[in-house]
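K.L.:
Submitted below is the structure of interest, expressed as structure tokens.
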Amino acid sequence: MEFFDISRTLFEGMAVWPGDPEFSRTQSLSMEEGAASNVSLIALGSHTGTHVDAPLHLIRTGTDVALLPLSHFVGPARVLDLVGRKCILPGHFEGIDWQGVRRVLFKTCDHPSPDRLFDQNYTCLDQKAAEFLVGKGILLVGIDTPSVDPFDSTDLLAHKTLLSSGVVIVEGLALDLISPGDYWLACLPLKIAGSDGSPVRAVLWR
Ligand SMILES: [Zn+2]
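Read the sequence shown against the working numbering and you will find it ends at 337, with the numbers running on by one and no gaps.
Take a look at the structure:
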């Protein structure tokens, strides 16, 4: 079995969504300083790096990340190549056989994105494309950008369309080295009560 790590590394100084908390890891207990063990204090926003959006992210009464069904996050997934598109439209799905596809990951970038710089010009998902995916019974939509909606969006229609239909969103994937095709996916959120999102360790294998 071949495993592919499609998660971003979390480190101090990494790019985060402008205005979100910065990532930090400090040594809380240190063996070098005489402690019996090493323990880190980790601080981060719930949407840092590769992460899941729970419905609660944009829906006041939505489900939190701890209560999301595990079945969404583990199972067969298809990676689609949409490199070079400004916005993913329903027309880009023509010719795809969606039979049996429940999880879809959009590769929009074929080079490693700068991990210390936030790039506002990323590919987004059009609301009509989000509606199309809901109609196909998709459980999980993943993308290698910081958001499924454009950076300057205030209505966040792709998010709302997916989350209000029970589709979970995984953002900030690292897919530059992944060939399009069918894989198995696991990307489980931490069980954080009341949280609108969570970092995940996302892996593909086949
Ligand atoms: Zn999001």
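We put the beta carbon where it would ideally sit given N, CA and C, even for glycine.
Report yes or no: do three or more beta-carbon pairs, one from the stretch 254-269 and one from the stretch 214-222, lie closer than 8 Å?
P.N.:
Contact between the stretch 254-269 and the stretch 214-222 is present, because at least three Cβ pairs lie under 8 Å.
K.L.:
For Ala208, does the three-state DSSP call read helix, strand or coil?
P.N.:
Three-state result, Ala208: strand.
K.L.:
Answer yes or no: do Pro186 and Leu294 have a C-beta to C-beta separation smaller than 8 Å?
P.N.:
Yes, the pair counts as a contact, with Cβ atoms nearer than the cut-off.
K.L.:
Where Ile292 and Leu264 are concerned, what is the direct C-alpha to C-alpha distance, given to the nearest angstrom?
P.N.:
According to the sequence provided, residue 292 is Thr. The question's Ile does not apply to it. Roughly 10 Å separates the two Cα atoms.
K.L.:
Let me make sure I understand the geometry here. Which of Gly180, Met162, Ala197 has the alpha-carbon closest to that of Pro320?
P.N.:
The shortest C-alpha separation from Pro320 is found at Ala197.
K.L.:
Indicate the three-state DSSP secondary structure (helix, strand or coil) for Pro221 in the structure shown.
P.N.:
Here Pro221 sits in helix by DSSP.
K.L.:
Looking at Val301 and Ala289, is the spacing between their C-beta atoms short of 8 Å?
P.N.:
Not in contact: Ala289 and Val301 (Cβ atoms no closer than 8 Å).
K.L.:
Can you give the Cα-Cα distance for Gly150 and Leu248, rounded to whole angstroms?
P.N.:
One C-alpha to the other measures close to 14 Å.
K.L.:
Tell me whether Ser329 is buried or exposed, calling it buried when 16 or more other Cβ atoms sit within 10 Å of its Cβ.
P.N.:
Flag for Ser329 reads buried.
K.L.:
Hey, is Val279 close to ligand 1, as in C-beta under 7 Å from one of its heavy atoms?
P.N.:
Under cutoff, so the answer is yes.
K.L.:
Does the beta carbon of Asp313 fall short of 7 Å from some heavy atom of ligand 1?
P.N.:
No, the Cβ of Asp313 stays beyond 7 Å of every heavy atom of ligand 1.
K.L.:
When you compare the CB positions of Ile269 and Arg233, do they come within less than 8 Å of one another, or not?
P.N.:
Result yes, Cβ atoms of Ile269 and Arg233 sit closer than 8 Å.
K.L.:
The alpha helix (DSSP H) that contains Gln158, what's its start and end?
P.N.:
Looking at the DSSP string, Gln158 is not in any alpha helix (DSSP H); the run it does join, the beta strand (DSSP E), is 155-160.
K.L.:
Cutting at 7 Å between CB atoms, please list the residues of its own chain near Trp229, excluding the five before and the five after it.
P.N.:
If we look at Trp229 and ignore the five residues flanking it on each side, its Cβ neighbours are Lys267.
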